[in-house]
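Chemist:
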Amino acid sequence: MAGRKAAVEGLTTRHIVYLVAMHMIGAMIIDGAINFGIATAMYKGTSKPVNLWPLPNTLAGDAGVTIIIQQVLTWILDRLAVGGDLKKGIVAPLRMPKNANAIVRWLVGLEHVGVHKTRKEKVVNYLRFHGPRMAALVLATFILYWPITIGILSGLKIHGVGKDNSDLGGDFNVWPMPEIFKGVYGFAVGMTTPFMSYITLIYEGETQQGNSDLTELSSRDEECSQGNGIVPE
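Note that the sequence shown covers residues 24 to 256 in our numbering.
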């Protein structure tokens, strides 16, 4: 495979295939399988009833925690995966779109790019960069997925789907309802992964141009966002 490619303007067919095949379908399958396995370890064979709300085995709580853990790990691991693919030349990084909105520009985060010499500076910058963005991603995903999920689970509970008929008397059985739910849920949340990959492609495309000192790149982006929204060539 060829080495790292130069950044390009706009998504190509190769980018779309890359994002859909590897970072959406692939991520959804992996996320679904992992969550199914975790649910099997958590619920199958448990001596506690599985309920929608009451602890300790609460599917509502599980759905919320799953978003936090899955999205934080995806943000970190997907950036590493995209970086590795770029080094192999699988796909080219992207330039900042000329019509990029404020949310995309903030998520890319060029204002945090620069030379950080000490370990403390690197750690502080790492936390300042990733912390707010992971929190925003978790919050957005929670708002999008959690209420709908609770509505679906409530409907299943009302209609007795997956009801526990054992002595535990939970809202749902210990197998296979919770496992199927968590697997499908993780699969669905994985649909957000391509957006994170897209953000990383832009970040890599912009920062590869001046590795010796990238502060100027950040300033250029800030000036652009304050002006007419066009990134100078």
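Glycine residues also receive a C-beta, built at the ideal position from the N, C-alpha and C atoms.
Here the structure is a predicted model, which means the values were calculated and not measured.
1. Specify whether the stretch 138 to 149 and the stretch 41 to 60 touch according to this definition: at least 3 beta carbon pairs, one from each stretch, less than 8 Å apart.
2. In terms of residue numbering, what span does the alpha helix (DSSP H) encompassing residue 157 cover?
3. Whole angstroms are fine: how far does the CA of residue 86 sit from the CA of residue 207?
4. How many Å lie between residue 29 and residue 107 at the Cα?
5. Can you list, in chain order, the stretches of the alpha helix (DSSP H) that have 4 or more residues and sit fully within the stretch 29 to 87?
6. Assign residue 79 to buried or exposed, taking buried as 16 or more other Cβ atoms, counted over all protein chains shown, within 10 Å of its Cβ.
7. Of the choices 39, 32, 94 and 71, whose alpha-carbon is the least far from that of residue 215?
8. Secondary structure at residue 133, three-state DSSP: helix, strand or coil?
9. What's the call for residue 41, buried or exposed, on a 16-neighbour Cβ count within 10 Å?
10. Which residues share a DSSP beta bridge with residue 195?
11. Can you find a CB in chain B that lies within less than 8 Å of the CB of residue 126?
12. State whether the stretch 165 to 176 contacts the stretch 35 to 50, with contact taken as three or more CB pairs (one from each stretch) at a distance under 8 Å.
13. Per the contact definition of three or more C-beta pairs closer than 8 Å, is the stretch 222 to 229 in contact with the stretch 113 to 127?
14. How would you label residue 35, buried or exposed, when you count the other beta carbons within 10 angstroms and need 16 or more for buried?
15. Measuring only the C-alpha atoms, how far is residue 186 from residue 77?
16. Out of 67, 130 and 154, which one is the CA nearest neighbour of residue 199?
Modeler: Result, derived from the coordinates:
1. no
2. 142 to 181
3. C-alpha separation (whole angstroms): 11 Å.
4. Near 15 Å, if we compare the C-alpha coordinates of residue 107 and residue 29.
5. 36 to 40 and 49 to 66
6. exposed
7. Distances from the CA of residue 215 to each of 39, 32, 94 and 71 were compared; the closest alpha carbon is that of 94.
8. Helix, per DSSP.
9. buried
10. 73
11. Going by chain labels, chain B is absent from the structure shown, which holds only one protein chain.
12. no
13. yes
14. By the neighbour-count definition (other C-beta atoms within 10 Å, threshold 16), residue 35 is an exposed residue.
15. 15 Å
16. 67
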